[in-house]
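Before any comments, here is the structure.
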Amino acid sequence: MRRMTKTSRPPAASSRSMAAALLATGALTALVGAAAAEGAVAEHVRNSGPPLRGEHTLQLEELWRLDLESEALLLGMIGDVAEGPDGNLYLLDRQTAEVHVFSSAGEHLRALSRQGEGPGETRRPRQLLFLADGTLGIVESSPGRIVRLGLDGIPAGEIVPGGEEAAQGMRLLWRAAARGDALVGCTEALQPGQGSFRRVRSLDRLAPDGAILATYLESAQERDMANFKWNEAEDYFVHQGGFALGPDGYVYAAPERDRYRIDVYAPDGERIRTIERADFERVKRTAAEREQADAGMRMVINGREIEKEIADYEPCIYQLRVDSHGRLWVTHSRSVR
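As C-alpha cells, this is what we get:
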C-alpha cells in the first residue's frame with residue numbers, strides 16, 4: 047500500500063467510493079495547499095516540504111472478484127471502468143468494443159454496444175463517461191466523437207467536438223471528462239500540407255452539441271514528413287493524463303511534462319491559479335525502463351518506421367482527479383513506484 051497525503055477538506059463520503067476510485071486510478075497523492083481551500087484566492091501556490099497533515103495509509107477492502115474461468119464471459123482488453131448513476135460498474139473492452147455492465151455485487155448484467163459503424167457502435171473506443179442527461183458516453187478517438195447510449199443500450203446520438211464542420215476534417219478525440227452540466231475534451235486537428243502537416247491540440251469546454259465554448263490550452267506543431275522524428279518529451283500534451291474536471295466546473299491541467307505544475311481554470315477559460323512543487327525530484331529512467339518505453343511505441347508512416355527519441359525522465363504528473371468534495375488528487379512519477 048502506497049502512502050498518501052490529504053488535505054484538510056472533509057473525509058470522503060465512504061470507504062467504498064474511495065476504494066472504487068483507487069481501483070480505477072492507481073496510487074494517488076492528494077494535493078496540499080491552504081490557498082486551494084474554499085473562498086481563498088491565490089495566483090501562485092508553491093508547495094514544498096512534508097505534507098501539512100502528515101502521511102496516511104489507506105487500507106482497501108476487496109468487495110468482489112470476477113473469476114473468468116467460471117464465468118461464461120470472454121473479455122479482451124479492459125481499457126476503462128466507471129461507476130454509473132445506477133450504482134452499476136461499466137467496463138470498456140477496447141478489443142471487442144463492448145461495454146460490460148456489472149452490479150455492485152459483481153453480477154454480470156448485460157453487454158452494451160459492439161464493434162461497427164452503426165448507431166451506438168464504435169471501432170476504436172478509448173474511454174467511458176456519464177453525461178449530464180444520464181446517458182453513457184463512449185469516447186472514440188478516430189473519428190473523434192462521443193457515442194451516446196441509454197443505460198439500456200439504446201443509441202442516443204453522438205457528440206462531435208467542434209460540431210459538424212469538424213466532422214468533415216481530421217479531428218481526433220483523445221480524452222474527455224464530464225461533471226454535471228460541464229463537458230471538457232482534449233482534441234487534435236490534423237491539417238495536411240505539401241510534404242508536411244500541422245497538428246493543433248487543444249483542451250476545450252464543449253456544449254452538448256459539441257460546439258467549443260472555451261479553450262484552456264492549445265499547442266500547434268509543424269511536422270516535415272521527410273525528416274519527421276518522434277520526440278517523446280516534445281510530444282507531451284495534457285491528454286496523456288494531466289487534466290481533470292471538478293464538481294464546480296473548474297478545470298485542472300498539468301501543461302508541462304518535466305515540471306510539477308498544475309494550472310486551474312474557471313469555467314469561462316480564465317486561469318485563476320497555478321500550483322507548483324519546486325522541490326519535486328524527477329524520476330530518471332533506468333536503461334531497462336528506456337528500452338521498455340521504446341518498445342511500447344512504434345510509428346509507421348507511408349511504410350517507413352519513424353525514428354524515436356525516448357526521454358531520460360518519466361513525466362512528473364501522470365494523472366489528476368478531483369473528488370466530490372473538491373479535493374485534487376495527483377498521481378505523480380514517484381507515487382506510482
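All residue numbers for the sequence shown refer to the numbering used here, where the first residue is 47 and numbers rise by one. From the three backbone atoms N, C-alpha and C, an ideal C-beta is built for every residue, glycine too. Quick caveat: nothing in here was measured; it's all calculated off a predicted structure.
#### Entry: Where P171 falls, given that 16 or more other Cβ within 10 Å makes a residue buried
buried
#### Entry: For R336, the three-state DSSP class (helix, strand or coil)
helix
### Query
On the three-state DSSP scale, how would you describe A151?
coil
### Query
With contact counted as at least three CB pairs below 8 Å, one residue from each stretch, are the stretch 89-109 and the stretch 125-142 in contact?
no
### Query
Just the Cα atoms here: how many angstroms apart are Q105 and R373?
19 Å
### Query
Which residues in the same chain as L114 place their Cβ atom closer than 7 Å to its Cβ, once the five residues preceding and following it in sequence are excluded?
L121
### Message
Using a Cβ-Cβ cutoff of less than 7 Å, which residues in the same chain neighbour P165 once the five nearest sequence positions on both sides are dropped?
### Response
P201
### Message
For G208 and T103, what's the separation of their Cα atoms in angstroms?
### Response
43 Å
### Message
Using 7 Å as the threshold, is the C-beta distance between P301 and L249 below it?
### Response
no
### Task
With a 10 Å radius around its C-beta and 16 neighbouring C-beta atoms as the bar for buried, classify S370 as buried or exposed.
exposed
### Query
So with Cβ pairs under 7 Å, would you call G190 a contact of chain D?
Among the protein chains of the structure shown there is no chain D, as only one such chain exists.
### Message
I'd like the span of the beta strand (DSSP E) that includes I183, first residue to last.
### Response
Checking the sequence shown, residue 183 turns out to be Gly, not Ile. Where G183 is concerned, the enclosing beta strand (DSSP E) stretches over 182-186.
### Task
May I have the straight-line CA-CA distance separating Y136 from R194, to the nearest angstrom?
14 Å
### Task
Report the rounded CA-to-CA distance for D358 versus E337, giving the unit in angstroms.
11 Å
### Query
What does a CB cutoff of less than 8 Å around E186 pick up in its chain, not counting 5 residues either side in sequence?
T168, R169, R170, P171, R172, I192, V193, L219
### Message
With DSSP as the reference, identify every bridge partner of N273, one or two as the case may be.
### Response
According to DSSP, which records beta bridges pairwise, N273 is partnered with nothing at all.
### Message
By alpha-carbon positions, which one of G295, D132, S265 ends up nearest to V284?
### Response
S265
### Message
Could you tell me the alpha carbon to alpha carbon distance between Y306 and D294, rounded to whole angstroms?
### Response
23 Å
### Query
Alpha carbon to alpha carbon, how far is K275 from V310?
32 Å
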